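For my numbering, count along the sequence shown from 1 and bump the result up by 5.
The block underneath contains the structure these notes are about, expressed in structure tokens.
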Amino acid sequence: MGAVHAPSAKNRPGKVDFGRATWTLRRGGVALRVDRRAVLVCAVLTVVVAALGIVTLGSGSIALTPVQVLSALLDPDADPRARLVVVTWRLPRLLFAVVCGAALAISGALFQSLTKNPLGSPDVIGFASGSYAGASVVMLLLGTANYLAVASGSLIGGALTALLVYLLAYRGGLRPFRLIIVGIAVGAFLGSLTSMLLLSVSPQQAMLAATWGAGSLSGLGFEQLRATAVVFAVLLVGAALVVRPLVHLEMGDDAAVALGVRAQRARLTATVVGVALTALVTAAAGPIAFIALAAPQIAQRLTRSSTTLRIVPAALAGAAVLVGADFIAQRIDLPVGVVTVCVGGAYLAWLLARQYAGRRR
């Protein structure tokens, strides 16, 4: 008679195998399942962002050691000169890099989930170009660089672009590939329109708008940061609310509807939140390309997830990439948008080649 083996922990009655190692947190009658690898990835990315931040705060014409940086941040009675450099001059730029990187990454994750395609980020499908065009109209035609006015123009431009792309791409339904192709075409048109505006104004205005259009975090202080952080927090709540419906929609509309998801409402909400996140960054720092494209993919590969819609790992990956890019930008005295374009362009070429190779197989 064969030996009877006790069921493994994996297959014990009452245990569900999710295919991934998880932690289950229980409190009262509520249980929360957490993916172990995602938690570890988030912890590592947090450490990376913190380490890059300390290095960035200590680098520049006035060099400081990590100990001096930490002392300036944590001790109110530290060297006044060090606190002036770290807290007043450099900290707002670092925090802007964290917030803008996270916002772009979450926006990219939302649109990549909506389109079910790694190319479906706002800077590829034209929404970022719409935000840039809207802000450019405010600065060049209305003649104001007021933060609220530029932010409003950026949001309106992005929203109108999203509406135009959807109307042009909708043919008895919305197919992701058609949305991407139409978005690329609309983005190219808006880029030409913005260039025409730059050529129609005075050289001084054109230079100011072109410098802003390169995407830069310099010259930003705590006043702008407070407004940006408040709006980002509100949009983060909106993004969190649409995660579950979008994950269901990735399985197909029929399956999502069977699970009680209102497909069109979820898509509209995700689009509004994604466009608003892109417009928020564009208004504050100008268009910063390719963070929205690359960060969700980096997070997906690190967590080995089947979906790009893990907004916390994506946000941390976006923050790490933008903080690192801004550190490089400061060392070579270029706008951070130039650095992200150079790195992101190479990544986009690799991604397109990989997509094409996959189709040929």
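No residue lacks a Cβ here, since even glycine has one placed at the ideal position from N, Cα and C.
Keep in mind it's a predicted model, so treat the numbers as computed, not measured.
Member of the options whose CA lies at the smallest distance from the CA of residue i
i: Val286; options: Asp338, Ile316 and Leu153; result: Leu153
i: Gln117; options: Gln305, Gln335, Leu50 and Ala358; result: Gln305
i: Val44; options: Val60, Ser221, Val104 and Val317; result: Val317
i: Gly329; options: Asp40, Ala55, Val46 and Leu353; result: Ala55
i: Asp331; options: Val39, Ser64, Val46 and Arg42; result: Ser64
i: Gly106; options: Val52, Gly158, Leu353 and Leu321; result: Leu321
i: Leu195; options: Ala260, Tyr175 and Ala140; result: Ala140
i: Ile303; options: Gly323, Phe237 and Val39; result: Gly323
i: Gln335; options: Ala288, Val242, Leu314 and Gly220; result: Gly220
i: Phe182; options: Gly58, Ser126 and Ile59; result: Ser126
i: Val103; options: Val52, Ala156 and Ile189; result: Val52
i: Ala289; options: Ser66, Val74 and Val155; result: Val155
i: Leu109; options: Ala294, Leu353 and Leu173; result: Ala294
Per-residue burial, residue i [other beta carbons within 10 Å of its own, 16 or more giving buried]
i: Thr120; result: buried
i: Ala193; result: exposed
i: Pro340; result: buried
i: Gln209; result: exposed
i: Val9; result: In this prediction, Val9 scores a pLDDT of 46, lower than 50, which makes its location untrustworthy; the coordinate-derived value is nonetheless stated afterwards. The residue in question, Val9, is exposed, as its Cβ has fewer than 16 Cβ neighbours within 10 Å.
i: Phe227; result: exposed
i: Trp355; result: exposed
i: Gln269; result: exposed
i: Leu100; result: buried
i: Gly350; result: exposed
i: Leu168; result: exposed
i: Ile59; result: buried
i: Tyr175; result: exposed
i: Leu327; result: buried
i: Arg88; result: buried
i: Arg95; result: buried
i: Ala238; result: exposed
i: Pro4; result: Outside the shown range of the chain (6 to 366) lies residue 4, about which nothing can therefore be said.
i: Ala325; result: buried
Rounded straight-line distance, which links the Cα of residue j to that of residue i
i: Ala77; j: Ala275; result: 40 Å
i: Glu255; j: Ala271; result: 12 Å
i: Val280; j: Ala164; result: 6 Å
i: Asn151; j: Ile296; result: 26 Å
i: Ile161; j: Leu240; result: 16 Å
i: Arg359; j: Val91; result: 43 Å
i: Gly342; j: Leu225; result: 15 Å
i: Leu230; j: Gly158; result: 19 Å
i: Val143; j: Asp40; result: 45 Å
i: Thr199; j: Gly148; result: 15 Å
i: Leu202; j: Thr216; result: 14 Å
i: Ile337; j: Pro71; result: 21 Å
i: Arg309; j: Pro85; result: 46 Å
i: Ala261; j: Tyr137; result: 34 Å
i: Val242; j: Val170; result: 26 Å
i: Gly265; j: Gly257; result: 13 Å
Beta-carbon gap between residue i and residue j smaller than 9 Å
i: Phe132; j: Thr27; result: no
i: Val344; j: Leu115; result: no
i: Asp2; j: Pro292; result: With the chain covering 6 to 366 only, the question about residue 2 has no answer from this structure.
i: Ala211; j: Leu145; result: yes
i: Ile185; j: Ile130; result: yes
i: Ala299; j: Gly113; result: yes
i: Leu204; j: Val248; result: no
i: Arg98; j: Leu213; result: no
Contact test: residue i Cβ vs the ligand MN heavy atom, cutoff 8 Å
i: Leu298; result: This structure lacks the ligand MN; in fact it carries no ligand of any kind.
Beta bridge counterpart(s) of residue i as assigned by DSSP
i: Thr27; result: Asp40
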